[in-house]
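Worksheet for the structure shown next.
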């Protein structure tokens, strides 16, 4: 059945509003800061195929439009009214859940004895066990360290809570009461959806309701393909890096080739590094998963602002994600900090699509999402109070005609910040400063968005601070078309004191009353030459505190005298080309040895080996190359002779892995 356009539009708006009502119900009844303030949750309606035909536009996590509930639904067998499925298992749900704190619930909605849709909700729980408070440690080497794995099972049977499941769930959390409060909020959201679905079917009939599920998805797919046809056909390539494997080890490479053909787009991640023994793997199961395709969805929704938000947006997208790679790991790989890699996938898609859409795609975003967590003794009774202080992000990358957004980065979600007053009311911290970080946005004709900075004081002893997902400490957010990179991230304990200490990445940081933590996030990359920026825009940035006078002179070639433009000095400064490169000295230094074409060959040789040997052989080969370079490479450069020797050693390593004689 094909609905007429008017009816389809009416039902499309109704089901979108329905999902947003579910989200509002969840947020207003949620227990933890990460739900009621940050809004790390979402609700949707899935069709009989398990894919979403309705998704909220204005509330909750925006990136999970393409998730698939079918595997989870099939795993529990026959369903009856009042049943609710619960899971958090990234492997048994085939990527519906992508790390253990993300609790997923699904309820079948019935009409006249038949299932007519499924309600879905997820939220990020405060703690599901594991070796650290909040369950997420970047140093976890397998999923068994990350907490309680809940395979798809029935939390509710015929409207009654399964007490055994609830007990097991509570017994494996440091915050059982908070978890159950949030879980009940999800059940309330599902109930709200059930009522509205029944009301809509009463108004329009079951036949129109079922037809809308198919027609909305098909319609979105056609419009997505129409947008993608605006991109010139061809194949484009780009690569980017995560700094390392959770604070130690080697940089981790993401490689991507996209092929566009008459509205269809294929993403090929061949050349991406093997999965790692750290929690940054993305459990995509080789599908066009949300964490691999979100930038495509964002592009479609930017160029077609009224396109329906549903699974149809993924219809033109296909993916090659080699099994056993960072973007398609095999169990039991750890996945708790998969968002760090997902952000880098977005940056990689920005880079590759930017070759085809030079005036549409931005430079790199700040490239990091850091939920800063405090775990402290509970104020009343035993246990711990585990809360996210702020989900710290960087700025967005600049694009043609527009500066990046300051202190915001909605690259993989649209999480809100937590009000300072609420944080101080619910945790034992005092926020001393929370604002934008000057001079952090990449200089350019259009400036990259500034990152954030937060400084908070610990008020109680025996407290732990966690900052998972820290990235862009080594490789800066790159600029585009002559723009310069954003400033790197930084974390300092007790800044401005005699015992100040720069920390780099942390797992769990024990702190005591009086300690002060300062976190600085990266800015986005700039677009276009900084010397082409309007001097008046530079002066306005100075007045707003976004850049300093020194940066104006050094980075933009703009001189000032008592706050006014010094036109003559500015002309002299701009007579020579601006210093620096798009990707920053660290990336330039790294690429001089580890060139993209060589690493494509290197990884091809690695993936020809048995999976259990790849990490060891990769580490061994890199060690032999890096032994010829300075200890702090790539932060410290190497002379031409060392670079030549290191490249020769990399060639030899590739030949050895490939079974060819070294030359």
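Numbering (this note's numbering), first residue to last: 75 to 737. The beta carbon of each residue, even a glycine, is placed where N, CA and C say it ideally should be.
Just how far apart, CA to CA, sit residue i and residue j?
i           : j           : result
residue 98  : residue 527 : 30 Å
residue 89  : residue 82  : 10 Å
residue 199 : residue 575 : 32 Å
residue 500 : residue 463 : 9 Å
residue 580 : residue 323 : 14 Å
residue 421 : residue 77  : 39 Å
residue 469 : residue 275 : 44 Å
residue 704 : residue 720 : 11 Å
residue 636 : residue 100 : 53 Å
residue 642 : residue 208 : 56 Å
residue 620 : residue 505 : 21 Å
residue 411 : residue 319 : 11 Å
residue 306 : residue 428 : 11 Å
residue 241 : residue 206 : 21 Å
residue 716 : residue 493 : 51 Å
residue 417 : residue 157 : 35 Å
residue 685 : residue 219 : 21 Å
residue 164 : residue 349 : 15 Å
residue 221 : residue 202 : 5 Å
residue 388 : residue 120 : 15 Å
residue 737 : residue 515 : A caution first: residue 737 carries a pLDDT of 43, below 50, which makes its placement in the model unreliable, though a value can still be read off. Whole-angstrom Cα-Cα distance: 45 Å.
residue 676 : residue 699 : 13 Å
residue 80  : residue 340 : 33 Å
residue 393 : residue 310 : 15 Å
residue 452 : residue 724 : 53 Å
residue 213 : residue 548 : 18 Å
residue 102 : residue 512 : 35 Å
residue 93  : residue 226 : 23 Å
residue 623 : residue 518 : 16 Å
Tell me the residue span of the alpha helix (DSSP H) that contains residue i.
i           : result
residue 664 : 659-667
residue 375 : 364-377
residue 341 : Note, residue 341: premise wrong, no alpha helix (DSSP H); beta strand (DSSP E) at 338-342.
residue 718 : 714-732
residue 293 : 280-302
residue 185 : Run containing residue 185: none in the alpha helix (DSSP H); it sits in the beta strand (DSSP E), 176-185.
residue 108 : 107-110
residue 686 : 685-700
residue 419 : 412-427
residue 243 : 237-245
Could you pull the start and end residues of the beta strand (DSSP E) that residue i belongs to?
i           : result
residue 466 : 458-467
residue 315 : 308-316
residue 228 : 227-231
residue 192 : 188-198
residue 335 : 326-335
residue 531 : 526-532
residue 393 : 391-394
residue 538 : 537-541
Relative to the C-alpha of residue i, which residue among the options is closest?
i           : options            : result
residue 490 : 512, 114, 102      : 114
residue 460 : 503, 483, 481      : 503
residue 531 : 585, 433, 564, 558 : 585
residue 312 : 302, 290, 342      : 342
residue 593 : 696, 649, 508      : 508
residue 481 : 566, 589, 392, 596 : 596
residue 654 : 599, 423, 613      : 599
residue 344 : 379, 399, 338, 351 : 399
residue 560 : 352, 521, 567, 529 : 521
residue 183 : 253, 472, 263, 453 : 263
residue 285 : 85, 236, 566, 647  : 85
residue 674 : 330, 103, 245      : 330
Confirm the yes/no value for this check: CB of residue i, any heavy atom of the ligand ADP, distance under 8 Å.
i           : result
residue 325 : The ligand content of the structure shown is nil, which means the ligand ADP is not present either.
Evaluate contact between the stretch 109-127 and the stretch 137-146, counting only Cβ atoms and requiring at least three cross-stretch pairs below 8 Å. yes
Is it true that the stretch 357-370 meets the stretch 405-413, where meeting means three or more beta-carbon pairs spaced less than 8 Å apart? yes
Is the stretch 297-316 touching the stretch 365-374 in the sense that three or more CB pairs, one from each, lie closer than 8 Å? Contact holds: three or more Cβ-Cβ distances are below 8 Å.
Contact between the stretch 258-277 and the stretch 185-202 (3+ Cβ pairs under 8 Å): The stretch 258-277 vs the stretch 185-202: in contact.
Tell me the start and end of each unbroken alpha helix (DSSP H) in the stretch 432-507 that is at least 4 residues and wholly inside, in chain order. You should have 494-500.
Any alpha helix (DSSP H) of 4 or more consecutive residues that is wholly inside the stretch 567-648: 609-617, 623-630, 641-647
Does the stretch 601-611 come within contact of the stretch 554-569, defined as at least 3 CB pairs closer than 8 Å? Verdict: yes, contact present.
Take every Cβ of the stretch 146-153, pair it with every Cβ of the stretch 230-238, and state whether three or more of those distances are shorter than 8 Å. no
Assess contact between the stretch 178-188 and the stretch 238-254, defined as three or more Cβ pairs (one per stretch) separated by less than 8 Å. Is contact present? no
Closer than 8 Å is the cut-off here; do at least three beta carbon pairs connect the stretch 660-679 with the stretch 534-546? Cβ pair count under 8 Å is below three, so no.
With a threshold of 8 Å, are at least 3 pairs of Cβ atoms found where one atom belongs to the stretch 443-450 and the other to the stretch 540-553? yes
Of all the beta strand (DSSP E) runs that stay within the bounds of the stretch 103-160, which reach a length of 3 or more residues? 115-120, 126-128
Would you call the stretch 564-575 and the stretch 424-439 touching, i.e. three or more CB-CB distances under 8 Å? no
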